[in-house]
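Notes follow once the structure below has been shown.
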Amino acid sequence: MRMSNFVLREAIVPRLKARTKDAVIREMVASLVRAGQFREEETEEVVQGVLRREALGSTGIGRNIAIPHAKHVGVTQLVGTLALSDEGIPFESIDGEAVHVLVLLVSPNNKPGEHLRALESVVRTMKDDKFILDLRKASTVDEIWALLEGGRSDTP
Amino acid sequence: MSATLPKPPADETSPLRPADDSATVWGEAIVGNPGGLHMRPASVLNALCRRYSCQLTLHAGERTADPRSLMGLLLLAAEAGSTIRIEARGGDAQAACTAVAAFLTCEDPDHWHDAVDG
């Protein structure tokens, strides 16, 4: 699975305005609403779902990356968005570092395998140091999308 | 420490048996969590494994991971019902192998989380 299989191009946020964890999650969910994935009135449900998951333990996995996520009945297949922050977001990450790259995932209740494969895809892609460097230098949706489409996809 | 641990049985049917005469212990577990080894149970397993000094490797099909790396565990993408082989070498290998197998088999990682914290 490639990240471009589930990250919605039209929901990518090249430069986050938000500076806190909660606000970043809201900004990313709003991008999914704008992309047509959720209805406006579902926004708060999705945001609260992601925040509840964060309350169980940060999804900041180190290397300045976080993968906030939640399940929601409004999706029939896993969807995601990617956002970048130049300044870095305090995220209580496993390594204590601020987060610069975020991939937010929303999955249906009944497809745990899809969620596992998406997590694997994000981690596999982000393990590539050059990919991360290029991604953090990207400033437009087109640049980010080109990187995602060229990203490693050697999932068996 | 390892000298005080009970020697694992060497018969072929045992889930915990030494691969040879060295200090390597092998175990096997079927993932019990209905959601598979997703980020939360992987984080708990990661913390659990850091309590042991032995060298640990998990094998899921053709994939292998050092469970002290959260990213490594996520790369396994281990689904519920899948089999993970546990390789533990040296020091407290037997205890680590037993604990990891018990965790992987557990269907309720939140309950386990409490047990670990407690």
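Just so you know, the sequences run in chain order A and B. Residue numbers for the first sequence follow my numbering, beginning at 1 and rising by one. Residue numbers for the second sequence follow my numbering, beginning at 1001 and rising by one. From the three backbone atoms N, C-alpha and C, an ideal C-beta is built for every residue, glycine too. Note that the structure is a prediction, hence the values are computed from the model and not measured.
If we count the other Cβ atoms within 10 Å of its Cβ and call it buried at 16 or more, is Val66(A) buried or exposed? Indexing the first sequence from 1 puts residue 66(A) at position 66. Note that residue 66(A) is Ala in the sequence shown, not Val. Result: buried.
Would you kindly report the start and end of the unbroken beta strand (DSSP E) that includes Ile144(A)? Counted from its first residue, the first sequence places residue 144(A) at position 144. Ile144(A) -> not in any beta strand (DSSP E); alpha helix (DSSP H) instead, spanning 141-150.
Looking at the structure shown, is Asp86(A) part of a helix, part of a strand, or coil, going by DSSP? Within the first sequence, numbered from 1, the residue matching residue 86(A) stands at position 86. Secondary structure at Asp86(A): strand, using DSSP grouped into helix, strand and coil.
Proximal residues, the region 1041-1052 of chain B versus chain A, C-beta separation under 9 angstroms: Taking 9 angstroms as the Cβ-Cβ cut-off against chain A, the residues of the region 1041-1052 of chain B that qualify are Ala1042, Ser1043, Val1044, Asn1046.
With a cut-off of 8 angstroms, does the C-beta of Ala1095(B) fall near any C-beta of chain A? Taking the second sequence and counting its residues from 1, one reaches residue 1095(B) at position 95. No, because no Cβ of chain A sits closer than 8 angstroms to the Cβ of Ala1095(B).
Leaving out five residues before and five after Gly1090(B) in sequence, what residues of the same chain have Cβ atoms less than 7 angstroms from its Cβ? What you label residue 1090(B) is simply residue 90 of the second sequence in a count that begins at 1. Taking C-beta separations shorter than 7 angstroms and ignoring five residues to either side along the sequence, the partners of Gly1090(B) in its chain run Ala1023, Cys1054, Gln1055, following chain order.
Counted within 10 angstroms of its Cβ, other Cβ atoms place Pro1034(B) as buried (16 or more) or exposed: Residue numbering aside, residue 1034(B) sits at position 34 when the second sequence is read from its first letter. With fewer than 16 Cβ atoms within 10 Å of its Cβ, Pro1034(B) is classed as exposed.
Is the beta carbon of Ala1065(B) sitting closer than 8 angstroms to the one on Leu1058(B)? Here residue 1065(B) is taken as the residue at index 65 of the second sequence, counted from 1. Here residue 1058(B) is taken as the residue at index 58 of the second sequence, counted from 1. Against a cut-off of 8 angstroms, the Cβ pair of Leu1058(B) and Ala1065(B) comes out as a contact.
In chain B, which residues lie with their C-beta within 7 angstroms of the C-beta of Arg124(A)? Position 124 of the first sequence, counted from the first residue, corresponds to residue 124(A). What Arg124(A) touches in chain B: Leu1075.
So the beta strand (DSSP E) Ser107(A) belongs to, where does it begin and stop? Reading the first sequence from its first residue, position 107 is the one you call residue 107(A). Element bounds for Ser107(A): 99-107.
Using the rule of at least 16 other Cβ atoms within 10 Å of the residue's Cβ for burial, across every protein chain shown, is Ala55(A) buried or exposed? For the purposes of this step, residue 55(A) is taken as the residue at position 55 of the first sequence. The Cβ neighbour count for Ala55(A), taken over all protein chains shown within 10 Å, is under 16; the residue is labelled exposed.
Could you pull out every unbroken alpha helix (DSSP H) segment of at least 4 residues lying fully inside the region 33-58 of chain A, listed in chain order? Along the length of the region 33-58 of chain A, whole alpha helix (DSSP H) runs at least 4 residues long occupy 43-56, reported in chain order.
Under a CB-based cut-off of 8 angstroms, is His1059(B) close to chain A? In the second sequence, residue 1059(B) corresponds to position 59, counting from 1. With 8 angstroms as the cut-off, His1059(B) does not count as an interface residue toward chain A.
Can you tell me which residues form a DSSP beta bridge with Glu1151(B)? Limits of chain B in this structure are 1001 at one end and 1118 at the other, which puts residue 1151(B) out of reach.
Below 8 angstroms on the Cβ atoms is my guess for Ala18(A) versus Val24(A); work out the distance and round it to an integer in Å. As a working mapping, residue 18(A) is identified with position 18 in the first sequence. As a working mapping, residue 24(A) is identified with position 24 in the first sequence. About 4 angstroms separates the two Cβ atoms, so the contact holds.
Touching or not, the region 110-128 of chain A and the region 89-100 of chain A, by the rule of three or more beta carbon pairs under 8 angstroms? No contact exists between the region 110-128 of chain A and the region 89-100 of chain A.
Please check if any C-beta of chain B sits within less than 8 angstroms of the C-beta of Thr81(A). Stepping through the first sequence from its first residue, residue 81(A) is reached at position 81. Not closer than 8 angstroms to any Cβ of chain B, the Cβ of Thr81(A) fails to qualify, so no.
On the premise that Leu32(A) lies in contact with Val79(A), defined as a C-beta separation below 8 angstroms, what is that separation, rounded to the nearest angstrom? Walking along the first sequence from the start, residue 79(A) turns up at place 79. Walking along the first sequence from the start, residue 32(A) turns up at place 32. About 7 angstroms separates the beta carbons of Val79(A) and Leu32(A), which is inside the 8 angstroms limit, making them a contact pair.
Mapping the DSSP letters down to three states, classify Gln1094(B) as helix, strand or coil. By 1-based counting over the second sequence, the position of residue 1094(B) is 94. Correct three-state label for Gln1094(B): helix.
When the Cα of Leu1076(B) is compared with those of Val1031(B), Ala1060(B), Arg1085(B), Ile1086(B), which residue comes out closest? Here residue 1076(B) corresponds to residue number 76 of the second sequence, with the count starting at 1. When each option's Cα is compared against that of Leu1076(B), the closest is Ala1060(B).
So, at 6 angstroms on beta carbons, what are the nonlocal neighbours of Ser1014(B) in its own chain, with the 5 sequence-adjacent residues on each side left out? Within the second sequence, residue 1014(B) is the residue found at index 14, counting from 1. Confidence at Ser1014(B) is low in this model, with a pLDDT of 49, below 50, so the placement of that residue should be treated as unreliable; the coordinate-derived value is given next. If we look at Ser1014(B) and ignore the five residues flanking it on each side, it has no Cβ neighbours.
Report buried or exposed for Ile1030(B), applying the criterion of at least 16 other Cβ atoms within 10 angstroms of its Cβ. Numbered from its first residue, the second sequence carries residue 1030(B) at position 30. So Ile1030(B) ends up on the exposed side.
Can you tell me whether Val73(A) is buried or exposed? The criterion is at least 16 other CB atoms within 10 Å of its CB, across all chains shown. Within the first sequence, residue 73(A) is the residue found at index 73, counting from 1. Result: exposed.
Residues, ordered as in the chain, of the region 106-118 of chain A that lie near chain B by beta-carbon distance below 7 angstroms: Against chain B - using a Cβ distance shorter than 7 angstroms - the residues of the region 106-118 of chain A are Pro112, Gly113, His115, Leu116, Arg117.
Quick one: Cα of Leu1070(B) to Cα of Phe6(A), how far? Here residue 1070(B) corresponds to residue number 70 of the second sequence, with the count starting at 1. Here residue 6(A) corresponds to residue number 6 of the first sequence, with the count starting at 1. Straight-line Cα distance between these residues: approximately 22 angstroms.
Terminal residues of the beta strand (DSSP E) in which Lys71(A) lies: For this step, residue 71(A) is matched to residue 71 along the first sequence. Run containing Lys71(A): 69-71, per the beta strand (DSSP E) assignment.
Residues in its own chain within less than 6 angstroms of Asp1021(B) by CB, not counting five upstream and five downstream? Sequence index remark: in the second sequence, residue 1021(B) carries index 21 (1-based). In this prediction, Asp1021(B) scores a pLDDT of 43, lower than 50, which makes its location untrustworthy; the coordinate-derived value is nonetheless stated afterwards. Excluding residues up to 5 positions away in sequence, nothing lies with its Cβ nearer than 6 angstroms to the Cβ of Asp1021(B) in the same chain.
Can you tell me which of the three DSSP states Ile25(A) falls into? Stepping through the first sequence from its first residue, residue 25(A) is reached at position 25. When secondary structure is reduced to three states using DSSP, Ile25(A) falls in the helix class.
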